[in-house]
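Scroll down for the structure; my scribbles are underneath it.
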Amino acid sequence: MCTGVGFITTDGNTVFGRTQEYAMPLPVQGAIIPRGHVSTSQLLTPVTFKYATVAIVMDGKMKDMNLAEQLKAFNPEMAALVDQSEETEMIMDGVNEKGLAGGSFYFGNGYNKYAEVEDIKAAGKTPMRGEEIVTYVLANYSSVEDIKANINNDVQAANVKNVLGVAQPQHYVFYDNTGASIAVEPDNYNGFTITENTAMVFTNTPHMDWHLKNLQNYVGLDYYKNEPREIGTTMAMSAGKGSGVFGLPGDFTPQSRFARAGVLRNLMVQPKDAEEGLHRIYNLLNQFDLPYGIVRTPGEMIEGEDAVHYTEYTSAYSLDPNKLVLTVRTFEDGQIQRLEMTPDMFEGDKVLRATVSRKQTYNVLSAN
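Heads up: the sequence shown begins at 470 in the numbering used here, then just goes up one per residue.
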């Protein structure tokens with residue numbers, strides 16, 4: 470259950486943001502990964518970073534988040550993995566030095582089609598787990614056009630389980646600083662289906678083309694209120710300000726979230742620059758925070774207990790290659806945190822890591 474959105478600013482830049490939902494705390498951190506870094510930890514195939522990248526990555530240190538018992542109950546084989554976990558560069562979402570950004574989103578209900586490792590290698594491609602594709606893409610490609618030209622020749626999602634004991638079903642959205650955006654979906658055993666993301670928003674199942682067609686149900690929505698109208702001999706008064714979007718779906722299914730995000734983004738005032746764009750991302754994605762407890766699945770993590778799905782974090786990125794910015798806020802800390810990647814950080818001999826706050830902090834006011 471994740472929602473993504475992008476804006477093109479009036480000065481010609483692009484911003485991208487997403488929510489990340491799950492049913493247990495994800496150990497994440499900010500990272501700046503330099504050119505030439507070879508990432509091996511917990512990835513199916515090592516990845517060499519052609520392009521420096523700033524991203525939200527899996528921390529790997531699950532034992533530091535008191536997850537051992539929860540994960541052990543979910544999958545008994547994980548007990549040792551929790552203690553042996555290492556830092557990794559598996560990217561949840563990020564942007565590289567060229568201004569190419571992307572995120573990995575859930576794509577369940579049998580929509581994903583992952584090939585076997587042997588078949589991928591036989592086709593001359595690199596096998597990666599489903600949740601590792603964004604890592605490969607941001608490390609290797611410079612633009613949306615670069616992805617379109619090469620991804621189906623280079624890499625494919627493999628049917629290989631991760632430390633949670635599942636082959637995580639995922640699909641992906643990418644944006645670049647030209648304003649281009651695509652959905653990349655592993656919905657066939659030969660590779661990916663690429664769809665132009667003309668709505669500039671993204672959620673989960675079904676396929677991207679279905680979501681785009683579904684927008685036809687909402688073309689009558691507008692930012693102006695509905696005017697009074699005579700119905701028979703009755704004058705029906707307007708319900709007031711906001712009535713122009715009456716009928717906009719408010720639930721948290723992927724279909725409704727896509728429509729809601731698409732309509733609201735389209736009606737919003739266009740941000741003038743990247744800084745204002747980052748603000749607009751959070752302004753819009755506030756609509757998609759899951760109030761804690763409203764989405765539950767019985768026994769998903771621990772038998773006999775409800776797993777509560779919630780918005781773990783919301784991140785937003787400036788894709789301007791001259792000022793690459795990662796911002797994030799977490800469920801536990803509503804204050805926005807910021808990490809910038811400047812050109813002097815593109816080269817380096819190690820990954821720079823930034824702890825993401827998981828405890829509420831405050832910008833304390835002073836009264837004079």
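Here a beta-carbon is modelled for each residue, glycine too, at the ideal position from N, C-alpha and C. Please read all numbers here as calculations on a predicted model, not as lab measurements.
Per DSSP, the beta-bridge partners of P767 are D775.
Comparing C-alpha distances from N482 to each of V797, D789 and I750 shows the shortest one belongs to D789.
A distance of 9 Å or more separates the beta carbons of D691 and V670. Residues G475, A570, Y644 and Y786 of the same chain have their beta carbon placed closer than 6 Å to that of F485, with the five preceding and five following residues left out of the count. The Cβ-Cβ distance between G731 and T478 does not fall below 9 Å. Under the three-state reduction of DSSP, I805 is assigned to coil, being neither helix nor strand.
Annotation: the continuous alpha helix (DSSP H) that includes H680 extends over M677 to N683. The residues I620, N621, V653, E654 and P655, in chain order, have a CB closer than 7 Å to that of F661 in the same chain once the five nearest residues on each side in sequence are set aside. The shortest C-alpha to C-alpha distance from L495 to any of I616, P503, V526 and H506 is the one to V526. Residue state for P740 is assigned as coil, using DSSP reduced to three classes.
A contact between stretches requires three or more CB pairs, one per stretch, nearer than 8 Å, and the segment 689-705 fails this requirement with the segment 742-760.
Between R765 and D775 a beta carbon distance of about 4 Å is seen, short of the 8 Å cut, so the two are scored as contacting. Taking Q829 as the centre and dropping the five residues before and after it, the same chain places the C-beta of E801, D802, G803 and Q804 closer than 8 Å to its C-beta, in chain order. Classified as buried, K567 has 16 or more neighbouring CB atoms from the shown chains inside 10 Å of its CB. In this structure, L754 is the residue among T811, L754 and L513 with its C-alpha nearest to the C-alpha of Q489. The segment 503-515 makes contact with the segment 598-605; the number of CB pairs closer than 8 Å reaches 3 or more. Apart from the 5 residues on each side of it in sequence, E587 has no Cβ closer than 6 Å to any other Cβ in its chain. Listed in chain order, the non-local C-beta contacts of Q498 below 7 Å within the same chain comprise V526, D528, R822, A823, T824 and V825, local neighbours out to five positions each way being set aside. Within its own chain, the residues whose Cβ lies closer than 7 Å to the Cβ of S707, once the five positions on either side in sequence are excluded, are K694, N695, E696 and P697, listed in chain order.
In this structure V507 is exposed. Its beta-carbon is surrounded by fewer than 16 other beta-carbon atoms within 10 angstroms. In its chain, beyond the 5 residues on either side, K582 have a beta carbon closer than 7 Å to the beta carbon of N657. Nearest to G577 by alpha-carbon distance, out of A591, T517 and P675, is P675. A500 counts as buried, since at least 16 other C-beta atoms from the protein chains shown sit within 10 angstroms of its C-beta.
V820 and E558 do touch by the CB rule: their CB atoms are close to 6 Å apart, below 8 Å. Boundaries of the alpha helix (DSSP H) harbouring E587: V586 to A591, taken from the DSSP string. The C-alpha of N631 lies about 16 Å from the C-alpha of M493. With respect to Y520, S611 sits close: the two C-beta atoms are nearer than 9 Å.
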